[in-house]
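Down below is the structure, laid out as structure tokens.
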Amino acid sequence: VAAIGAYQEGIAKNVVNGKPVVAHIYEYTTQISVTPSNKIEGAERGIVPVQIIFCLKEKNQKKINSHRWFFNAFGPILQPNVCVLLDVGTMPGPSSIYHL
Numbered sequence: 057v058a059a060i061g062a063y064q065e066g067i068a069k070n071v072v073n074g075k076p077v078v079a080h081i082y083e084y085t086t087q088i089s090v091t092p093s094n095k096i097e098g099a100e101r102g103i104v105p106v107q108i109i110f111c112l113k114e115k116n117q118k119k120i121n122s123h124r125w126f127f128n129a130f131g132p133i134l135q136p137n138v139c140v141l142l143d144v145g146t147m148p149g150p151s152s153i154y155h156l
């Protein structure tokens with residue numbers, strides 16, 4: 057996520073104004089992709105812009121909690137037509153999400 061610009065190490069604080077932070081939200085629009093061999097590709101390869109919203113929770117409370125948190129926190133605001141949830145490390149094929 058850092059390689060495409062949506063996360064910066066060292067920016068997040070775990071306490072703000074004396075209150076513990078629950079999660080950190082990073083938003084970024086990018087037009088680059090990182091290949092499995094760590095090569096960066098961009099517009100010259102036909103990569104279309106994509107908006108990324110990355111939410112990093114302070115406490116890992118397992119997958120079901122993360123899914124609940126996602127839908128409760130972002131669903132009412134973004135009102136998405138479709139949501140695709142992927143586990144960390146999952147690499148969908150070129151048309152996998154389209155075929156869902």
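Following our numbering, the numbering of the sequence shown begins with 57 at its first residue and continues without gaps. Each residue gets a CB set at the ideal place from its N, CA and C atoms; glycine is no exception.
{"query": "With DSSP as the reference, identify every bridge partner of L112, one or two as the case may be.", "result": "H80"}
{"query": "Would you mind reading off the limits of the alpha helix (DSSP H) that contains L134?", "result": "K118 to L134"}
{"query": "Please state whether the Cβ-Cβ distance between S89 and R101 is less than 9 Å.", "result": "yes"}
{"query": "What's the gap between the Cα of A62 and the Cα of I120?", "result": "24 Å"}
{"query": "Which class does S89 belong to by DSSP, given the choice of helix, strand or coil?", "result": "strand"}
{"query": "Helix, strand or coil: which one does DSSP assign to E65?", "result": "coil"}
{"query": "Given a cut-off of 9 Å, decide if E83 and Q13 are closer than it, judged by their beta-carbon atoms.", "result": "The structure shown has nothing for residue 13, since the chain only spans 57 to 156."}
{"query": "Using a threshold of 9 Å, state whether the C-beta atoms of W125 and A68 are closer than that.", "result": "no"}
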